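J.: Provided herewith is a single structure, encoded as structure tokens, for subsequent inquiry.
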Amino acid sequence: MNKYNMNKRGTDKILSIYWFFILALIAGGIIAMVYVFYGTPYDVREIESEILSEKVADCISSKGTIDSEFFADSTFNTKISETFIKKCNFNFNVEEGYGDINEVQYFYEVEFYILEDLENPAFSFYNGNNNWKTDCSIKKENDKEYVKLAKCTEKRFYALSEEGNQYLIKILSVIGKSEKNVK
Amino acid sequence: MKKKGTILIENVVFIILNLLFLSVLVLFLVNQGSGAIVLEQTYAKQIAMLVDSAQPVMLIKIDMAKGKKLAEKNGIDFNNVVSISGNIITVKLSEGKGYTYAFFNDVDAVPYAEEGMYILTINKKEEVAENE
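Take a look at the structure:
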């Protein structure tokens, strides 16, 4: 074996080690990417909050007419906020896996506006965890998507009372559940 | 001749090691994509969204052929893959606790398995059952 052949074999071996080092580096990168991709939970909060707002809207009016339970003696029935959850068949219990098992992960707010005054609601009520509402205003003010914040859906529609009065109804629905939807 | 043979064996070992490495990587990727943890979460959230948007009286069919295959591979009876307790769905495709997710629609949702599918019957919750 002459001097040149020895050097060539040495270079080959170094090249092989270098090759495996590169492969290990690529594999490490791929494994890291896969873990990040599959380790990130599917975020369904936006869909969930949309469904919640739809359900709330369905409970308020049917075929454009507001349910008679919302009115008492030609004014708004303030007791509706207490019975609304049962009327709409909502159950806000959640499974384990969130910070506090007793912390409600849902929130909705309904506002009724008469057409003459669209600034101040004529009647409003809410249910669920009021703390989530601030997340919506943070998102609105900064016009940015913060993944860890609760997901909000705003819905508005017009409906008539049985007497024929027209109202603008705004619904805000919010879903917390960041522990199970965001990494 | 002897020298050439030595070089060939080295090359063959190098190629085999490369192939082994790549096949392990591909297997890892395939296993991750169809892993129980990912599928459990997908099914649990999908079913929760379906129940949330459902109204009594409804019948919802969910194709879970992929889940059935995985459950059988992991020795889990397909009839026990989806369970609903109150308003909490549990999907279990492997040994362990499975994945749970809550739905807010307070309906009586009953799941049952049928040939690679799960059928959900959605009915109004009865007052008597609630009081019990």
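Those protein sequence lines, which keep their order, are chains E and C.
5 is the number of the first residue of the first sequence in our numbering; add one for each residue after it.
42 is the number of the first residue of the second sequence in our numbering; add one for each residue after it.
Note that beta-carbon positions come from the ideal geometry of N, C-alpha and C, so glycine has one too.
Keep in mind the model is a prediction, meaning the values are calculated, not measured.
(1) For a contact meaning CB atoms closer than 7 Å, what does I129/C contact in chain E?
(2) Alpha carbon to alpha carbon, how far is D47/E from K152/E?
(3) Which bits of chain C does Y46/E rub up against, with CB to CB less than 7 Å?
(4) Could you check whether the region 70-79 of chain C touches the region 39-57 of chain E, counting it as contact only if at least three pairs of C-beta atoms, one from each stretch, sit closer than 8 Å?
(5) With distances taken between CB atoms, is the gap from D104/C to M158/C smaller than 7 Å?
(6) Residues of chain E with CB closer than 9 Å to the CB of N121/C, please, in chain order.
(7) Please list, in chain order, the chain E residues whose beta carbon lies closer than 8 Å to that of Y142/C.
(8) Considering just the uninterrupted stretch of the beta strand (DSSP E) at I24/C, what are its terminal residues?
(9) How would you write the range of the alpha helix (DSSP H) that K91/E sits in, first residue to last?
(10) Taking A31/E as the query, report the chain D residues whose CB atoms sit under 8 Å from its CB, ordered along the chain.
(11) Since N128/C contacts N169/E with CB under 8 Å, what's their CB separation in whole angstroms?
(12) So what does T162/C bridge to, in DSSP terms?
T.: Looking at the coordinates:
(1) E99
(2) 11 Å
(3) Q82, T83 and K86
(4) yes
(5) yes
(6) Here the premise fails: no neighbours, minimum Cβ distance about 18 Å.
(7) E99 and K184
(8) Outside the displayed span of chain C (42 to 173) sits residue 24/C, for which this structure offers no information.
(9) I84 to K91
(10) Checking the listed chains, one finds no chain D in this structure; the protein chains it contains are E and C.
(11) Contact flag wrong, Cβ pair sits at about 36 Å.
(12) L100/C and V151/C
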